[in-house]
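A.B. asks: Please see the structure below; I have some questions.
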Amino acid sequence: MNIKGSPWKAGSLLLLLVSNLLLCQNVAPLPVCPGGAARCQVTLRDLFDRAVVLSHYIHNLSSEMFSEFDKRYTHGRGFITRAINSCHTSSLPTPEDKEQAQQINQKDFLSLIVSILRSWNEPLYHLVTEVRGMEEAPEAILSKAVEIEEQTKRLLEGMELIVSQVHPETKENEIYPVWTGLPSLQMADEESRLSAYYNLLHCLRRDSHKIDNYLKLLKCRIIHNNNC
Amino acid sequence: MKENVISATVVTLLLFLNTCLLNGQLPPGKPEIFKCRSPNKETFTCWWRPGTDGGLPTNYSLTYHREGETLMHECPDYITGGPNSCHFGKQYTSMWRTYIMMVNATNQMGSSFSDELYVDVTYIVQPDPPLELTVEVKQPEDRKPYLWMKWSPPTLIDLKTGWFTLLYEIRLKPEKAAEWETHFAGQQTEFKILSLHPGQKYLVQVRCKPDHGYWSAWSPATFIQIPSDFIMNDTTVWISVAVLSAVICLIIVWAVALKGYSMVTCIFPPVPGPKIKGFDAHLLEKGKSEELLSALGCQDFPPTSDYEDLLVEYLEVDDSEDQHLMSAHSKEHPSQGMKPTYLDPDTDSGRGSCDSPSLLSEKCEEPQANPSTFYDPEVIEKPENPETTHTWDPQCISMEGKIPYFHAGGSKCSTWPLIQHNPRSSYHNITDVCELAVGPADAPATLLDEAGKDALKSSQTIKSREEGKAAQQREVDSFHSKTDQDTPWLLPQEKTPFGSAKPLDYVEIHKVNKDGALSLLPKQRENSGQPEKPRAPENSKEYAKVSGVMDNNILVLVPDPHAKNVACFEESAKEAPPSLEQNQAEKDLANFTATPSKCRIQLGGLDYLDPACFTHSFH
């Protein structure tokens, strides 16, 4: 009977709807509050935890992407020799060991990380575009590139939030190293083109590891007071 | 000539080689750097494999330069790492920078260089195994026993500043088992194992890895003996629970078997079907709940009265000496203040087929065939001005002060059978049966549609005036069809003073007096027998229009000004001089014809007035 069935149907539909809404809330990533530092309810600890998770993930992806590329296209052909001094971020004064890292002050350290992240926006964009435009584009590499580009943007947002909380007085410093490797990605000579891709992925792997390590350092320094 | 030189050279070389081989001295073979590792990201060590031995003491040297530098360096420490190794201390180690290194093997006979190795410390991180693994069996009193293991990170690794991040993994197995049970422990340095075989000896190991790097080797195994009295309390509880639930199930099955059906009915009582009389399931299916409710004749559901109460009540007017109203009662219903009556079952009087309960569901779906409308108890319960009741001629007895009626002038009285409500609308039409005291016994009655009836009621009962108008139209049409079919409408036959075997008759508007009240005449069914019929209708259609409402309960009717539908003012010989009243009626007509235009609704030549207009205009 319709009269009997309709309250049950309505109730079950309502239950499904409510449960879906609740589940959707759980699935969605924790939003980093956008309204500005003054109203932010997300703690600094949460922001750092989130940033570390993202940087760790990005490096894993970069490492896998490099391995797959090398295995497929360039293994044993000595491309590493041409990758020396090929990273566009080498001009940044990044610390290279623990002692140097501990000597940098917090503010500079954070702005350094942000500069590296900003400098990778454009190369990642072109990487995705060029790989996508390849004939027989390697799906594994393309998907990772897309994911890295996406996550890097989110990490940058998170870093900017952290900066606004830790150093609100920091003026936006938009200076970052510029990548100029696009023409080499589009070269006709296959050897040169492969070398350009190799260098790009090699530098990406390295810089993502740098960022991951720096953030873990800063997290222990700022949140746990060097007592992780 | 040339051949001689060549052959001489070859012989010389062969002799030299022979000499060397006999001596066992060769330049060293090509060495190879096969492994570089950093245990803490602060130092690293590289190991090489020497090439073939030249038979002579060979010196190895490792030279390197770093990315972005041109200066060549030599290995700072050949000892710490063991033989054929190069150890780079803290001051020589840089992360995120490629080292290009090479080993040179030299002996008296010559030297050979290894291939260049490109090393980035970032990707060669492998820690030492964790230390101090301790395992013990813990048996707290109120909880289950477990195996508790604890370890510490390897030395020289800086976890506190976050420079290094370690992840751990443990594994264990009974001594004689073949496969290990492995568990990932994350960044914690302790672990609990719950499921163990009592009385067995277990081996436990732990290893670690950096966040990005290689797993360490497994730590040395630690042995632990599980005591034999390692009780698994779970099983006892589960056994008792299983037994208890089995017993309960048996009891339930036994009870059901014994009581059988009665128990089932006790748990799942049968669903009662609707037993409301007048309840049309078909209307339910169609979803026309409004019609359904109206079919029940009440605004509030469920109806409180029986079907018989909803029937049209007819009050008979006895205009003989008795002058009393007799009503046929089916049931007493004092709350409504009126007594329902049965219509004469013998005649298909204008009750419509909806009268009989058995036919209700079938016939009430087509109200066009049945001009009857259900009685609305609300109408009855609407408080009426009781005084008006008493203005009636004492010959007439109206319903107990609850029914709107026409005020007829003179010695007229009218009783108002409350006709059944049209199921398609809540519009209530009241047929008034007005019998003149002097009317002939066999005079028929005229059906008067009272559009103004709604004006008397509260507006709540009017659901749709357009529907009402349409219904009115249908009722009128059906009325005509009925008249054509010679079916009288109103009067109950058996108690009428006009004749017990008579069909219901119609009442015609006789005249309208100066108060706007109607005087009614029974209508002649056949156009014969009545000497005076000054204005016989061209067709049998006669209508009275409600032109106004007076005193909140008196309808003012006017004859329809349209030629076709002119109400017939018939004069009876017994009446007072009709001419005077007729003139008066004409005057009244003139007065009331100017109705507000908006109140007029043209329906197929019939001019109806919206009763709502009158409620506003007259009050």
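Chains A and B are the protein sequences, given in the same order.
Start counting the first sequence at 1; every next residue gets the next number (this note's numbering).
Start counting the second sequence at 1001; every next residue gets the next number (this note's numbering).
Note that beta-carbon positions come from the ideal geometry of N, C-alpha and C, so glycine has one too.
1) Looking only at its own chain, which residues have a Cβ that is under 8 Å from the Cβ of THR1189 (chain B), when we skip the five neighbours before and after it?
2) Counting only C-beta atoms, is ALA238 (chain A) closer than 9 Å to chain B at any point?
3) MET1101 (chain B) by DSSP, collapsed to three states: which one?
4) Would you say LYS1090 (chain B) faces chain A, with C-beta separation under 9 Å as the test?
5) Within a Cβ cutoff of 8 Å, which residues of the same chain sit near PRO93 (chain A), ignoring the five residues on either side of it in sequence?
6) I want to verify the contact list: residues of chain B whose CB lies under 9 Å from the CB of HIS88 (chain A), in sequence order.
7) Which of the three DSSP states is assigned to LEU1447 (chain B) in this structure?
8) Counting C-beta neighbours from all protein chains within 10 Å, is the total for THR1654 (chain B) 16 or more, i.e. buried, or is it exposed?
9) Between ARG221 (chain A) and chain B, is the shortest Cβ-Cβ distance under 9 Å, so that the two count as touching?
10) Cβ of ASP46 (chain A) less than 9 Å from any chain B Cβ?
11) By the 10 Å Cβ neighbour count, where 16 or more other Cβ atoms means buried, how is THR1012 (chain B) classified, buried or exposed?
12) So if DSSP puts SER1037 (chain B) in a beta bridge, which residue, or which two residues, is it bridged to?
13) Is the beta carbon of MET1109 (chain B) sitting closer than 9 Å to the one on LEU1026 (chain B)?
14) Give the secondary structure of LEU47 (chain A) by DSSP, where H, G and I count as helix, E and B as strand, and everything else as coil.
15) What's the call for GLU130 (chain A), buried or exposed, on a 16-neighbour Cβ count within 10 Å?
16) Along the beta strand (DSSP E) that carries PHE1088 (chain B), what are the first and last residues, could you check?
17) Just to confirm, is the Cβ distance from LEU161 (chain A) to LEU117 (chain A) under 9 Å?
18) Where does ALA1008 (chain B) land, buried or exposed, given buried means 16+ other C-beta within 10 angstroms?
19) Quick check on the burial criterion: 16 or more other C-beta atoms within 10 angstroms. Buried or exposed for ALA51 (chain A)?
20) Quick one: Cα of ASP1120 (chain B) to Cα of GLU190 (chain A), how far?
21) Where does ASN60 (chain A) sit, in a helix, a strand or coil, going by DSSP?
22) Closer than 9 Å, CB to CB, is LYS1041 (chain B) near chain A or not?
23) For THR1222 (chain B), list the residues DSSP reports as bridge partners.
24) Between the region 185–211 of chain A and chain B, which residues of the former have a C-beta closer than 7 Å to a C-beta of the latter?
25) Mind pulling the beta strand (DSSP E) runs of 3 or more residues that sit fully within the region 141–177 of chain A?
26) Please state if the CB of GLN1205 (chain B) and the CB of ARG1171 (chain B) are separated by a distance shorter than 9 Å.
27) To the nearest angstrom, report how far apart GLY1089 (chain B) and VAL166 (chain A) are at their CA atoms.
28) May I ask you to list, following chain order, the residues of the region 95–116 of chain A that have a beta carbon less than 8 Å from some beta carbon of chain B?
29) Measuring straight from C-alpha to C-alpha, what distance separates GLU157 (chain A) and LEU1133 (chain B)?
30) Short check: CB of THR1058 (chain B) to CB of CYS1075 (chain B), under 9 Å?
31) Pull up the distance between the alpha-carbon of PHE1034 (chain B) and that of THR1080 (chain B), whole angstroms please.
32) DSSP on ALA1178 (chain B), reduced to helix/strand/coil?
33) Are the C-beta atoms of CYS228 (chain A) and some chain B residue less than 9 Å apart?
34) Using DSSP's beta-bridge definition, name the partner residues of PRO1210 (chain B).
35) Measure the alpha-carbon distance for LEU185 (chain A) versus ALA196 (chain A) and round it to whole angstroms.
36) Can you have a look at SER91 (chain A) and say buried or exposed, based on whether 16 or more other CB atoms are within 10 angstroms of its CB?
C.D. replies: Once the coordinates are examined:
1) Stepping through the second sequence from its first residue, residue 1189 (chain B) is reached at position 189. Answer for THR1189 (chain B): PRO1130, LYS1150, TRP1151, SER1152, PRO1153, TYR1168, listed in chain order.
2) Chain A is shown from 1 up to 228; residue 238 (chain A) falls before or after that span and cannot be answered.
3) The count along the second sequence starts at 1 and reaches residue 1101 (chain B) at position 101. Three-state DSSP puts MET1101 (chain B) in a strand.
4) Position 90 of the second sequence, counting from 1, holds the residue named residue 1090 (chain B). By this cut-off, LYS1090 (chain B) is an interface position.
5) Within the first sequence, numbered from 1, the residue matching residue 93 (chain A) stands at position 93. Correct list, in chain order: LEU112.
6) Working through the first sequence from its first residue, we reach residue 88 (chain A) at position 88. Result: empty, since nearest Cβ-Cβ is about 14 Å, beyond 9 Å.
7) Taking the second sequence and counting its residues from 1, the one referred to as residue 1447 (chain B) is at position 447. Residue placement at LEU1447 (chain B) cannot be trusted, given a pLDDT of 39 that sits under 50; what the coordinates show is reported in the next sentence. DSSP places LEU1447 (chain B) in coil when its eight states are reduced to three.
8) Here chain B comprises residues numbered 1001 to 1619, so residue 1654 (chain B) is not present and cannot be evaluated.
9) Locating residue 221 (chain A) in the first sequence gives position 221, counting from the first residue. True, the Cβ-Cβ gap to chain B drops below 9 Å.
10) As a position in the first sequence, residue 46 (chain A) is number 46, starting the count at 1. No - not a single Cβ of chain B is within 9 Å of the one on ASP46 (chain A).
11) The residue labelled residue 1012 (chain B) in the question sits at position 12 within the second sequence. Result: exposed.
12) For the purposes of this step, residue 1037 (chain B) is identified with residue 37 of the second sequence, where counting begins at 1. The amino acid at residue 1037 (chain B) is misidentified as Ser; the sequence shows Arg. Answer is B:THR1045.
13) Here residue 1109 (chain B) refers to the residue found at position 109 of the second sequence. Here residue 1026 (chain B) refers to the residue found at position 26 of the second sequence. Taking 9 Å as the Cβ cut-off, MET1109 (chain B) and LEU1026 (chain B) qualify as a contacting pair.
14) Residue 47 (chain A) sits at position 47 when you count from the first residue of the first sequence. Helix, per DSSP.
15) Taking the first residue of the first sequence as 1, we reach residue 130 (chain A) at position 130. GLU130 (chain A) is buried by the Cβ-count criterion.
16) For this step, residue 1088 (chain B) is matched to residue 88 along the second sequence. Taken as a continuous stretch (DSSP letters only), the beta strand (DSSP E) holding PHE1088 (chain B) covers 1085–1088.
17) Sequence index remark: in the first sequence, residue 161 (chain A) carries index 161 (1-based). Sequence index remark: in the first sequence, residue 117 (chain A) carries index 117 (1-based). Their beta carbons are not under 9 Å apart, which means LEU161 (chain A) does not touch LEU117 (chain A) by this criterion.
18) Taking the second sequence and counting its residues from 1, the one referred to as residue 1008 (chain B) is at position 8. Exposed, since its Cβ has fewer than 16 Cβ neighbours within 10 Å.
19) Within the first sequence, numbered from 1, the residue matching residue 51 (chain A) stands at position 51. ALA51 (chain A) comes out buried.
20) Position 120 of the second sequence, counting from 1, holds the residue named residue 1120 (chain B). Position 190 of the first sequence, counting from 1, holds the residue named residue 190 (chain A). For ASP1120 (chain B) and GLU190 (chain A), the distance between alpha carbons rounds to 27 Å.
21) On the first sequence, residue 60 (chain A) is found 60 positions in, with the first residue counted as 1. Here ASN60 (chain A) sits in helix by DSSP.
22) Reading the second sequence from its first residue, position 41 is the one you call residue 1041 (chain B). It does: the Cβ of LYS1041 (chain B) has a partner Cβ on chain A nearer than 9 Å.
23) One-based indexing of the second sequence puts residue 1222 (chain B) at position 222. BP columns for THR1222 (chain B) point to B:VAL1204.
24) ARG206, HIS209, LYS210
25) none
26) Counting from one through the second sequence, the residue named residue 1171 (chain B) turns up at place 171. Counting from one through the second sequence, the residue named residue 1205 (chain B) turns up at place 205. Yes.
27) As a position in the second sequence, residue 1089 (chain B) is number 89, starting the count at 1. As a position in the first sequence, residue 166 (chain A) is number 166, starting the count at 1. Computed Cα separation, rounded: 35 Å.
28) GLU96, ASP97, LYS98, GLU99, ALA101, GLN102
29) Here residue 157 (chain A) refers to the residue found at position 157 when the first sequence is read from its first residue. Here residue 1133 (chain B) refers to the residue found at position 133 when the second sequence is read from its first residue. The straight-line gap from Cα to Cα measures roughly 42 Å.
30) By one-based count along the second sequence, residue 1058 (chain B) stands at place 58. By one-based count along the second sequence, residue 1075 (chain B) stands at place 75. No, Cβ-Cβ distance for THR1058 (chain B) and CYS1075 (chain B) is not below 9 Å.
31) To locate residue 1034 (chain B), count along the second sequence from 1; it is residue 34. To locate residue 1080 (chain B), count along the second sequence from 1; it is residue 80. So the two alpha carbons sit approximately 17 Å from each other.
32) As a first step, residue 1178 (chain B) must be located in the second sequence, where it is residue number 178. Residue state, collapsed to three classes: coil.
33) The sequence position of residue 228 (chain A) within the first sequence is 228, counting from 1. Cβ-Cβ to chain B under 9 Å: yes for CYS228 (chain A).
34) Sequence index remark: in the second sequence, residue 1210 (chain B) carries index 210 (1-based). DSSP, once it has assigned bridges, lists B:LEU1166 as partnering PRO1210 (chain B).
35) Sequence index remark: in the first sequence, residue 185 (chain A) carries index 185 (1-based). Sequence index remark: in the first sequence, residue 196 (chain A) carries index 196 (1-based). Distance between the alpha carbons of LEU185 (chain A) and ALA196 (chain A) is about 6 Å.
36) Within the first sequence, residue 91 (chain A) is the residue found at index 91, counting from 1. SER91 (chain A) should be labelled exposed.
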